[in-house]
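S.K.: Before I ask anything, let me first share the structure, which is written out below as structure tokens.
Protein chains: 2
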Amino acid sequence: VGAPEGRLVLAIDVGGTSVKAAVVDADHQILTRARGTSRRGPEILDAIEEVARDALDQLAAADRAAVGYVGVAMLGLVDPERGVCVRSVNLGLDELEVTGPLRERLGLPVALIHDVLAAGLAEVRLGRPDLVDPFVVVIGTGIAAVTFIGGAPVAGVTGQAGELGHVVVRPDGPACACGSRGCLEAVASAAAVARRYTELSGREVAGALEVFDRIDSDPLADQVWDETASALADGLLTVVTLLAPGALVLGGGLADAGDVLTDRVRRMLSERSRVNPVPPVVHARLGSGAGLLGAALLAHDRLTELPASASPAAPHQAPPGTVR
Amino acid sequence: VGAPEGRLVLAIDVGGTSVKAAVVDADHQILTRARGTSRRGPEILDAIEEVARDALDQLAAADRAAVGYVGVAMLGLVDPERGVCVRSVNLGLDELEVTGPLRERLGLPVALIHDVLAAGLAEVRLGRPDLVDPFVVVIGTGIAAVTFIGGAPVAGVTGQAGELGHVVVRPDGPACACGSRGCLEAVASAAAVARRYTELSGREVAGALEVFDRIDSDPLADQVWDETASALADGLLTVVTLLAPGALVLGGGLADAGDVLTDRVRRMLSERSRVNPVPPVVHARLGSGAGLLGAALLAHDRLTELPASASPAAPHQAPPGTVR
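Which chain is which? The protein sequence lines are W and A, in order. 1 is the number of the first residue of the first sequence in my numbering; add one for each residue after it. 1 is the number of the first residue of the second sequence in my numbering; add one for each residue after it.
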């Protein structure tokens, strides 16, 4: 005997370099895991299918039948209602149908969600349920965020709110991939940290964490880390000024480096904030698995709603007048 | 015979230079008006009482009895639940009780609201009810804003969200009264426009509108207007990037100058926005009376709620889980 029917979900997190999948139970426990490499263009669907089957095949036959929904977290601009990836520069996608084809390939209903929103949902519901109206930032290769008001994420009319990575913090700063100049992402993402260190030192590094490891032994590493914290503090200062959130939650690969970043950001924010008091600046608890857990949350939510409706509204695009 | 009992409200708008009052009916029509000069410190209560009595005394006796609630819109940081002006630099106030003393002096229940929130409420409910999730900016002596999601204003955990005037748009720009540097308010408020023109031309001007009148005849006036629009566009770009609102509504004295500002801001925003499409940039419809009408809306809302509860929650600080 396995889990009762429809009590398990398949969660998939589609990133720019890897595709991760997991079968997750109703208590948010991961039963099986699988991982593969992302592919550019429509072939991403093949990559997703392979990783999905890998995770499903590890289940006992009885459990396989208990999987009732698939949740897909995806980077880029996604339209959850249409089940489409509208655009992803990293994956080379433009209007790719995701939920329809995957439903056909896997024989299960599929729901789609933006990866940062998924990570934020998981962090707020599972990692830090104690926080009121938190603003959750994911600092990795890029920087994105989601703000929660009254327990629900704010999507904006485009579904694309929370683009903290493209708030301009250094008007004369480096060019950003988006076409602007001095975006937070161009100055304070993991990629930007490595780039800046190489620019200052002439030394190539494998990534931001290598720069992090040189703090205290290499003044240039210290300088880069300070510049990064300062830019993040400026971006978050704008958030505090405009939204007055109840907490700032820092997650993603760069924040996972430890308290060094969180501590500096907190101190700089406190020095600079004038209008609104600085809320607690805390570390995300779930780490890099947050996107996967958020996709599982979405799938479980849908599973619960299934008897009522075969196609419920996406949870972060509530109809007018409901909690946002 | 006058209006039926409890169908009229007394609305008061307390600004840095003047106190305005009006008796308003349930159809948002103004029956009487009064105006006086603001005073600094606790004497502001005397000024409010005098102007309030002036507006009430103009009513016929029968209508006087129909006034059932007082709504006070006030600048600075206000705490609607406690009925206190927590701080107002312009009025020299620090923890001044407002609703209690006024209730005693006027013999009517009193509700308090932040003036920009009041103006935004009026604009959204009466001026532009067609807009979805608008971001409303008031550009006057200072710059403040309020964002609406699902029909309700976002207050933030401090009640002080929407401080667009203190978003830094020119990191090396002029000092702001708040202690920061390059805040939008220090570059693009009506006061900043006049100051900048004087700085460039050496000529004193009465105010921003005089600079506006010189556009096309004085290149320096043109330059100042362009700088102002550019700074506003940068501030609003951040709003579009973070919140993806359904519309940007520009109001206040400077926006009332005409389409010149709105047109330039719209064009610059479109040129600069990369991540989210620019929503409609529209002109506020209510003009300088919006704060007064918003105070009247608050008072009418309270009047309607009165039978259910003698002390209803402030409409913009909804309990957790309700529409924000």
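Think of the CB as a built atom: it goes at the ideal place given N, C-alpha and C, for glycine as much as any other residue.
Comparing the C-beta of A/Val-262 with each C-beta of chain W, is any distance below 9 Å?
M.R.: It should be pointed out that residue 262 of chain A corresponds to Thr in this sequence rather than to Val. No, because no Cβ of chain W sits closer than 9 Å to the Cβ of A/Thr-262.
S.K.: Identify every residue that forms a DSSP beta bridge with A/His-283.
M.R.: A/Leu-250, per the DSSP bridge assignment.
S.K.: Between A/Pro-129 and chain W, is any beta-carbon pair separated by less than 9 Å?
M.R.: Judged by the 9 Å Cβ criterion, A/Pro-129 is not in contact with chain W.
S.K.: Quick one: does W/Gly-15 have its CB under 9 Å from some CB of chain A?
M.R.: By this cut-off, W/Gly-15 is not an interface position.
S.K.: On the three-pair Cβ rule with 8 Å, is the segment 283-303 of chain W touching the segment 23-32 of chain W?
M.R.: Short answer: they touch.
S.K.: Give the list of continuous alpha helix (DSSP H) stretches no shorter than 4 residues that lie fully inside the segment 186-214 of chain A.
M.R.: Whole alpha helix (DSSP H) segments, 4+ residues: 190-201, 208-213.
S.K.: Taking its Cβ as the centre, do 16 or more other Cβ atoms sit within 10 Å of A/Pro-320, making it buried, or is it exposed?
M.R.: Only weak support is given to the placement of A/Pro-320: the predicted model assigns it a pLDDT of 34, under 50, and the question is left unresolved by the model.
S.K.: Here's the rule I'm using: 16 or more other beta-carbon atoms within 10 Å means buried, otherwise exposed. How should W/Ser-273 be labelled?
M.R.: Its Cβ being crowded by 16 or more others within 10 Å, W/Ser-273 is buried.
S.K.: On the criterion of 16 or more Cβ atoms from any shown chain inside 10 Å, does A/Thr-228 qualify as buried, or is it exposed?
M.R.: The residue in question, A/Thr-228, is buried, as its Cβ has 16 or more Cβ neighbours within 10 Å.
S.K.: Cutting at 7 Å between CB atoms, please list the residues of its own chain near A/Val-336, excluding the five before and the five after it.
M.R.: Any property of residue 336 of chain A remains undetermined from this structure, which presents chain A solely from 1 to 324.
S.K.: What does the alpha-carbon distance come out to for the pair A/Arg-64 and A/Leu-75?
M.R.: Whole-angstrom Cα-Cα distance: 27 Å.
S.K.: I need the straight-line Cα distance from A/His-316 to A/Gly-252, nearest angstrom please.
M.R.: Here A/His-316 scores only 37 on pLDDT, less than 50, and its place in the model should not be relied on; the value that follows carries that caveat. Going by the C-alpha atoms only, they are around 21 Å apart.
S.K.: Per DSSP, W/Met-74 forms a beta bridge with which residues?
M.R.: According to DSSP, W/Met-74 bridges with W/Val-14, W/His-114.
S.K.: Within 10 angstroms of its Cβ, does W/Arg-266 collect 16 or more other Cβ (buried), or is it exposed?
M.R.: Its Cβ being crowded by 16 or more others within 10 Å, W/Arg-266 is buried.
S.K.: Verify the CB distance criterion: does A/Ile-149 have a CB-CB separation below 9 Å to chain W?
M.R.: Closer than 9 Å to some Cβ of chain W, the Cβ of A/Ile-149 qualifies, so yes.
S.K.: Would you say W/Val-84 and W/Leu-96 are within 9 Å of each other, going by their C-beta atoms?
M.R.: Closer than 9 Å, so yes.
S.K.: DSSP beta-bridge partners for W/Leu-93?
M.R.: In the DSSP output, where bridge partners are listed per residue, W/Leu-93 has W/Ser-88.
S.K.: On the criterion of 16 or more Cβ atoms from any shown chain inside 10 Å, does A/Gly-202 qualify as buried, or is it exposed?
M.R.: With fewer than 16 other Cβ atoms within 10 Å, it is exposed.
S.K.: For A/Asp-25, collect the residues of the same chain with a Cβ closer than 7 Å to its Cβ; drop the 5 residues on either side in sequence, then sort them by chain order.
M.R.: Excluding sequence neighbours, A/Asp-25 sits near Ala-3, Arg-7, Leu-8, Leu-31.
S.K.: Please tell me whether W/Lys-20 and W/Val-67 are closer than 9 Å, where the distance is taken between their beta carbons.
M.R.: Going by C-beta atoms, W/Lys-20 is not nearer than 9 Å to W/Val-67.
S.K.: Let me check understanding here. Comparing Cα to Cα, which of A/Leu-248, A/Ala-161, A/Ser-288, A/Asp-256 lies closest to A/Leu-269?
M.R.: Among A/Leu-248, A/Ala-161, A/Ser-288, A/Asp-256, the Cα nearest to that of A/Leu-269 is on A/Leu-248.
S.K.: By DSSP, does W/Ala-255 sit in helix, in strand, or in coil?
M.R.: Helix.
S.K.: Indicate whether A/Val-136 and W/Val-157 have their beta-carbon atoms separated by less than 9 Å.
M.R.: No. Outside cutoff.
S.K.: With a cut-off of 8 Å, do at least 3 Cβ pairs link the segment 113-128 of chain A to the segment 275-286 of chain A?
M.R.: Because the criterion of three Cβ pairs below 8 Å is met, the segment 113-128 of chain A and the segment 275-286 of chain A touch.
S.K.: Could you check the C-alpha separation between W/Ala-313 and W/Asp-79 for me, to the nearest Å?
M.R.: Any answer about W/Ala-313 is weak, because its pLDDT of 37 lies below 50 and its placement is not dependable; what the coordinates show is given next. For W/Ala-313 and W/Asp-79, the distance between alpha carbons rounds to 12 Å.
S.K.: A/Leu-93 and A/Leu-56 - do their beta-carbons sit closer together than 9 Å?
M.R.: No, Cβ-Cβ distance for A/Leu-56 and A/Leu-93 is not below 9 Å.
S.K.: Closer than 7 Å by beta-carbon distance: list the chain W residues that pair up with A/His-166, in chain order.
M.R.: Simply Thr-241, Arg-274, Val-275.
S.K.: Using 8 Å as the cut-off, can you tell me whether the segment 179-194 of chain W makes contact with the segment 147-154 of chain W, which would need three or more C-beta pairs spanning the two stretches below that distance?
M.R.: No: the two stretches stay apart, fewer than three of their Cβ pairs being nearer than 8 Å.
S.K.: To the nearest angstrom, report how far apart A/Ser-180 and W/Val-23 are at their CA atoms.
M.R.: A/Ser-180 and W/Val-23: Cα-Cα distance of roughly 50 Å.
S.K.: Could you pull out every residue in the same chain whose Cβ sits closer than 7 Å to the Cβ of A/Thr-241, ignoring the five residues on either side in sequence?
M.R.: Counting only Cβ-Cβ distances below 7 Å, and skipping sequence neighbours, we find Val-275, Asn-276.
S.K.: Are there 16 or more other CB atoms within 10 angstroms of the CB of A/Asp-301, so buried, or fewer, so exposed?
M.R.: Burial call: buried.
S.K.: Just the C-alpha distance for A/Val-278 and W/His-114, rounded to the nearest angstrom, thanks.
M.R.: Going from the Cα of A/Val-278 to the Cα of W/His-114 covers about 21 Å.
S.K.: Just tell me which of A/Leu-303, A/Val-260, A/Leu-236, A/Thr-304 has its CA closest to the CA of A/Gly-271.
M.R.: For clarity, residue 271 of chain A is Glu in the given sequence; the question names Gly instead. With distances taken between Cα atoms, A/Glu-271 lies closest to A/Leu-236.
S.K.: Taking a contact to mean a Cβ-Cβ separation below 9 Å, would you say A/Ala-186 touches A/Ala-177 in this structure?
M.R.: Going by C-beta atoms, A/Ala-186 is nearer than 9 Å to A/Ala-177.
S.K.: Consult DSSP for A/Leu-45 and reduce its assignment to one of helix, strand or coil.
M.R.: In this structure, A/Leu-45 counts as helix in the three-state DSSP scheme.
S.K.: Return helix, strand or coil for W/Gly-120, following the three-state DSSP convention.
M.R.: In the structure shown, W/Gly-120 sits in a helix (DSSP, three-state: H, G or I).
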